[in-house]
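For the sequence shown, my numbering begins at 2 and goes up steadily by one. Backbone N, C-alpha and C define an ideal beta-carbon position, used for all residues, glycine too. Treat the numbers as computed from the prediction; the structure is a model and nothing was measured. Notes to accompany the following structure.
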Amino acid sequence: MNSLKDSFSRVIDYLRISITDKCNLRCIYCMPSEGVAPAEHTDILSYEEIIRVATIAAGLGVRKIRLTGGEPLVRKNLVFLVSELKKISGIEDLSLTTNGLLLAHHAASLAHAGLDRVNVSIDSLRPERFREITRGGDLDVVLKGLQAAEQAGLLPIKVNMVPVRGMNEDEILDFARITIDSDHQVRFIECMPTGSVNFWSPQKYMTTDEIKKIIETLGPLSPVRVRKNGPSKYYRLKGAKGVIGFISALTHHFCKDCNRLRLTSDGKLRPCLFSETEIDLRSALRSGASDEEIARLLRLSIEVKPKEHQLNGKGPVDAIVPDHSSLVTHHSKKRPMSRIGG
Ligand code: SAM
Ligand code: SF4
């Protein structure tokens with residue numbers, strides 16, 4: 002079986018595909034209130050193009066695919082994409098990250114089409130606060146989506162929470178307690194200074210260590226090995242059914258365990274979430290590139306995966322890309338998370 006390794010011996014077997022940059026929410030740490038002007042429809046990869054890239058990637062060694070966005074459930078006929086991706090030989094795990102608003106409508110049909118799991122992002126369990134953070138979201142609808150996902154067997158359900166001081170840090174324990182009686186995985190993600198919003202500040206930012214300390218007031222956290230967990234680290238509260246995960250984008254260099262490549266909704270391959278390098282797969286796809294050429298570009302994006310990101314100012318810049326064609330671009334303009342696919 003093929004496997005892909007980058008220059009730092011990391012096995013790259015995970016492709017995150019953003020299928021749209023549109024979203025039906027405007028979370029305050031992710032998007033400006035007016036939203037981000039969506040790309041032209043023709044600039045977004047078609048499902049056929051996505052399926053082709055995924056098939057070639059699977060041939061190279063990709064085993065896991067996650068669909069994300071923007072909000073992936075706003076894109077029409079997702080069931081078709083899921084069922085086609087599921088048929089690709091070599092893909093062992095197909096999952097989706099969603100804000101959950103449309104999940105109640107789609108969970109059963111997506112599960113039927115072959116979706117394995119969902120991650121649902123919820124930053125508050127208090128309806129009024131949830132509405133404020135998401136600028137208009139209805140918590141009750143999201144919780145119904147979560148229930149529908151559970152009933153449809155999209156398990157284990159992962160709940161993503163971004164703790165921010167002054168926004169929701171007083172709910173960290175409520176989220177951690179979810180794991181006591183349910184087998185959901187609750188993951189705390191360090192807030193990252195990305196995108197087109199001026200939200201992040203050192204005052205609001207909470208480190209994994211801080212978050213962990215708060216949770217440990219409920220009892221000790223024992224490390225748990227979760228198969229192929231990539232950069233997340235998992236723990237369990239004594240006697241709890243579910244586990245608690247931490248994604249420490251800034252503090253505990255999750256880069257050393259990074260196993261992923263990202264494909265943006267407009268068809269750019271990004272070796273790293275914070276990379277300044279992009280490889281223009283869309284132009285290649287639309288100018289008649291052979292499968293071998295697409296495979297070469299996929300391999301190239303893995304070769305140039307940086308050792309670590311530069312958010313804390315210490316990491317090196319991206320590796321020099323050994324390809325001087327116009328398909329490779331370097332840019333310093335930050336893309337919003339909804340454009341890259343978080
Ligand atoms: N709309 C879907 C959702 O919210 O789950 C998928 C896309 S969203 C960009 C994916 C994940 O990125 C969410 O869990 C969200 O909380 C997270 N995210 C967005 N901006 C972030 C930031 N600045 N720092 C940390 N996580 C962020
Ligand atoms: Fe939309 Fe997800 Fe960003 Fe919230 S975090 S604005 S739901 S893309």
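Between the CA atoms of residue j and residue i - distance to the nearest angstrom
i	j	result
Gly138	Thr195	22 Å
Gln148	Ala105	8 Å
Asn120	Val160	6 Å
Arg136	Ser110	28 Å
Ser47	Arg287	11 Å
Ser90	Leu61	11 Å
Val305	Pro272	7 Å
Lys269	Glu279	6 Å
Val163	Ala153	26 Å
For residue i, the three-state DSSP class (helix, strand or coil)
i	result
Thr56	helix
Thr278	strand
Tyr30	coil
Ser84	helix
Arg11	coil
Glu293	helix
Arg226	coil
Val160	strand
Val329	strand
Ser302	helix
Beta-carbon gap between residue i and residue j smaller than 8 Å
i	j	result
Ile181	Leu262	no
Asn260	Val54	no
Gly70	Asp117	no
Leu328	Leu298	yes
Lys77	Ala114	no
Asp141	Ile134	no
Gln186	Gly146	no
Heavy atom of the ligand SAM within 7 Å of residue i beta-carbon
i	result
Tyr30	yes
Glu41	no
Thr21	no
Gly70	yes
Residue i CB to nearest heavy atom of the ligand SF4 below 7 Å
i	result
Thr195	no
Cys24	yes
Ser4	no
Per DSSP, the bridge partner or partners of residue i
i	result
Gly246	Arg188 and Tyr235
Leu264	Ile18 and Leu270
Ile66	Leu16 and Leu95
Tyr206	Val165
Lys6	Val12
Val198	In DSSP, Val198 forms no bridge with anything.
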